[in-house]
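Report on one structure; see the data block that follows.
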Amino acid sequence: MAANLTETAIRGLKTKSTSYYVWSNSAQRGTGRLGVKVQPSGSKVFYFRYYVEKGKKEKFIQLGIWPEMKLVTANELAKKYGAWLVEGKEPQQELEQQRLAEEH
Numbered sequence: 024m025a026a027n028l029t030e031t032a033i034r035g036l037k038t039k040s041t042s043y044y045v046w047s048n049s050a051q052r053g054t055g056r057l058g059v060k061v062q063p064s065g066s067k068v069f070y071f072r073y074y075v076e077k078g079k080k081e082k083f084i085q086l087g088i089w090p091e092m093k094l095v096t097a098n099e100l101a102k103k104y105g106a107w108l109v110e111g112k113e114p115q116q117e118l119e120q121q122r123l124a125e126e127h
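Counted the way the working numbering counts, the sequence shown spans residues 24 to 127.
Written as structure tokens, this is what we have:
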């Protein structure tokens, strides 16, 4: 399901018997998409979804748990990861390289 994600919209998402995603409808093709996974427990988790191998393989990056992570922060991360995709970089690999660089 695609929606205009706002703090109010996220707050209003209802639980179901199984987990489900609500994806932002504001992304451009090829830049990934920000979404919220709603768990049966009621927790809401931000995810960034993108495709590799010319749209054949779907990948997810967990960004944070709402409301501890605000929507504005999740949007900033999604834009950053989307820019990496436009540059031809794979976000999970970039994050791993950053993590390794911080360890040294």
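The C-beta atom is built at its ideal place from N, Cα and C for all residues, glycine as well.
Under 6 Å Cβ to Cβ from Y44, same chain only, skipping five residues before and after it: list those, please. Excluding residues up to 5 positions away in sequence, G58 and K60 lie with their Cβ nearer than 6 Å to the Cβ of Y44 in the same chain.
Mind the definition here: the region 85 to 96 touches the region 110 to 122 only if three or more C-beta pairs lie below 8 Å; say whether that holds. Judged by Cβ distances under 8 Å, the region 85 to 96 makes no contact with the region 110 to 122, as fewer than three pairs qualify.
Separation of I33 from S64, as counted between CA atoms: S64 and I33: Cα-Cα distance of roughly 15 Å.
Rounded to a whole number of angstroms, what is the C-alpha to C-alpha distance between Y21 and E119? This structure cannot settle anything about residue 21, because the visible part of the chain is limited to 24 through 127.
Just to confirm, is the Cβ distance from R56 to R72 under 9 Å? Taking 9 Å as the Cβ cut-off, R56 and R72 qualify as a contacting pair.
Hey, how far is the Cα of L28 from the Cα of E125? Taking the straight line from one Cα to the other gives about 32 Å.
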